[in-house]
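Numbering of the sequence shown is given in this note's numbering, commencing with residue 12 and proceeding in unit increments.
Cβ coordinates follow ideal geometry from the N, Cα and C atoms, glycine included.
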Amino acid sequence: MTAIDLRSDTVTQPTEAMRRAMAAAEVGDDVFKEDPTVRRLEEKAARVTGKQEALFVCSGTMANLVCQLCHCGRGDEMILGDQSHVFYYEQGGSAAVGGIHHRTVPNLPDGTMDLEAVAAAVRPDDVHFPRSRLVIVENTHNRCSGMPVDAGYMGRLKELAEKNGLAVHVDGARIFNAAAALETTVEELVRDADSVSFCLSKGLGAPAGSLVCADSDFIAEARRVRKVLGGGMRQTGVLAAAGLVALEEMKDRLAEDHANARRLAEALAKAEGLSVDLERVRTNMVYVNIDPRRGPASRFVELLAKRGVLVFATGAEQIRAVTHHPLTGGDMDRAARAFAAAAGDM
Ligand code: TLP
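Written as structure tokens, this is what we have:
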């Protein structure tokens, strides 16, 4: 039997419709803005996020970096959650590439940051300090159990940001999952953001690519930054074609992934040696705590792999399982049995 791969929703394979669209894509040189398929994708991304324009980039990491480099200059400071992907998993690219200073604020369990803590992190105008320029929100919040962040929070953050001269960027790698979970639109969730990035290559199932969406001046600058980072690709319509299918056909099925995550979590909550906080299973991620008396999470990951289910350890006592296309409820039941057996093997 093939393994059930719950390491990430990045492992999704392009659908048949994507493969057909890729093969048939009309392409051109995108650095000259001559790829009609990329243009269509960018226009669609701008529409769906309610921003003036969009830019197709290689990855979520590149999208976030491009935005940070557009918002901040060398020596400027950005405020972000201590569990955020940008802080945790992107090699400190903003510092390495852009000379941008990080100022972390604790992420609350729901993926937000306390607004008073954000306000307190803003630097006064003083020769000793870097200049605070940007605040970043992640939605859904990966290391906070995939929690969706609602529009109300964004509104309050925007007010604070405006008062303090900060721009707001949303790392919306999984913003379509957030919209599905909150039964709202992506546009609503990013109305109060100056820039948003989202990924086609996670739950939406495309093989590669992310979009940066913002106003026209920002996107013009982002296009320059993308080029200097080596991200000016040429006939990328072959990838954009899959992205268009992702936006047309895959976003409405994300609720299925969420239902599968819940089904898995409910089964795991009953297994000995494992614990899951069911209230925190809101999208397609299930964080599972492994009873440390049985052994480390890394050992559990190995034992589970032997039983045909792949997950990541996200801490010494914790693993993450991510649901995605085309996994089914039946796969969740099979995975849950393997989890219980692996916990028994420890
Ligand atoms: N996240 C990956 C790993 O890097 C951890 C995953 O498997 O979840 N923002 C967020 C919130 C992300 O979760 C990720 C990828 C990115 C940005 C980066 O996207 P890519 O991998 O396209 O550079």
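Consult DSSP for residue i and reduce its assignment to one of helix, strand or coil.
{"i": "R18", "result": "coil"}
{"i": "E88", "result": "strand"}
{"i": "H82", "result": "helix"}
{"i": "D228", "result": "helix"}
{"i": "I111", "result": "coil"}
{"i": "D182", "result": "strand"}
{"i": "L285", "result": "strand"}
{"i": "V138", "result": "coil"}
{"i": "L240", "result": "coil"}
{"i": "L200", "result": "helix"}
{"i": "H269", "result": "helix"}
Tell me whether residue i counts as near the ligand TLP, meaning its Cβ is closer than 7 Å to at least one heavy atom of that ligand.
{"i": "R96", "result": "Reading off the sequence, residue 96 comes out as His, not Arg. Yes; taking the cut-off as 7 Å, the Cβ of H96 has a heavy atom of the ligand TLP nearer than that."}
{"i": "S105", "result": "no"}
{"i": "N188", "result": "no"}
{"i": "D182", "result": "yes"}
{"i": "T21", "result": "yes"}
{"i": "E199", "result": "no"}
{"i": "S212", "result": "yes"}
{"i": "T123", "result": "no"}
{"i": "N153", "result": "yes"}
{"i": "S156", "result": "no"}
{"i": "Y100", "result": "yes"}
{"i": "S227", "result": "no"}
{"i": "G216", "result": "no"}
{"i": "L206", "result": "With the sequence shown as reference, residue 206 is identified as Ser, and Leu is not the correct amino acid for it. Incorrect: S206 has no Cβ contact closer than 7 Å to the ligand TLP."}
{"i": "T48", "result": "no"}
{"i": "S70", "result": "yes"}
If I follow the unbroken alpha helix (DSSP H) through residue i, where does it start and stop?
{"i": "T48", "result": "P47 to T60"}
{"i": "S208", "result": "From DSSP, S208 is part of no alpha helix (DSSP H) but of the beta strand (DSSP E) over S206 to C210."}
{"i": "F187", "result": "I186 to L193"}
{"i": "K174", "result": "A162 to K174"}
{"i": "D356", "result": "G340 to D356"}
{"i": "V42", "result": "Looking at the DSSP string, V42 is not in any alpha helix (DSSP H), and its letter there is neither H nor E."}
{"i": "A28", "result": "E27 to A35"}
{"i": "A130", "result": "L126 to A132"}
{"i": "S309", "result": "A308 to K317"}
{"i": "V256", "result": "G248 to V256"}
Based on the DSSP output, what are the partners of residue i in its beta bridges?
{"i": "Q400", "result": "One cannot answer for residue 400 here, as it falls past the ends of the chain, which runs 12 to 357."}
{"i": "F67", "result": "L222"}
{"i": "V116", "result": "G92"}
{"i": "V320", "result": "I15"}
Tell me where the beta strand (DSSP E) around residue i begins and ends.
{"i": "E149", "result": "R142 to E149"}
Stretch-stretch touch, CB-based, cutoff 8 Å, three pairs: the stretch 221 to 228 with the stretch 243 to 253: Taking one beta carbon from each stretch, the stretch 221 to 228 and the stretch 243 to 253 have fewer than 3 pairs nearer than 8 Å; the two do not touch.
If you pair each beta-carbon of the stretch 182 to 201 with each one of the stretch 230 to 243, do three or more pairs fall below 8 Å? Verdict: no, contact absent.
Does the stretch 142 to 157 come close enough to the stretch 81 to 94 that 3 or more CB-CB pairs lie under 8 Å? Contact holds: three or more Cβ-Cβ distances are below 8 Å.
Is the number of C-beta pairs between the stretch 168 to 180 and the stretch 107 to 115 that are closer than 8 Å three or more? When C-beta atoms of the stretch 168 to 180 are compared with those of the stretch 107 to 115, fewer than three pairs fall below 8 Å, so the two segments do not count as touching.
Three or more beta-carbon pairs under 8 Å between the stretch 18 to 30 and the stretch 329 to 339, yes or no? These segments touch.
Between the stretch 286 to 294 and the stretch 314 to 323, do three or more beta carbon pairs fall short of 8 Å? With the cut-off at 8 Å, the stretch 286 to 294 and the stretch 314 to 323 do not touch.
Are three or more beta carbon pairs between the stretch 154 to 164 and the stretch 185 to 193 nearer than 8 Å? Cβ pair count under 8 Å is three or more, so yes.
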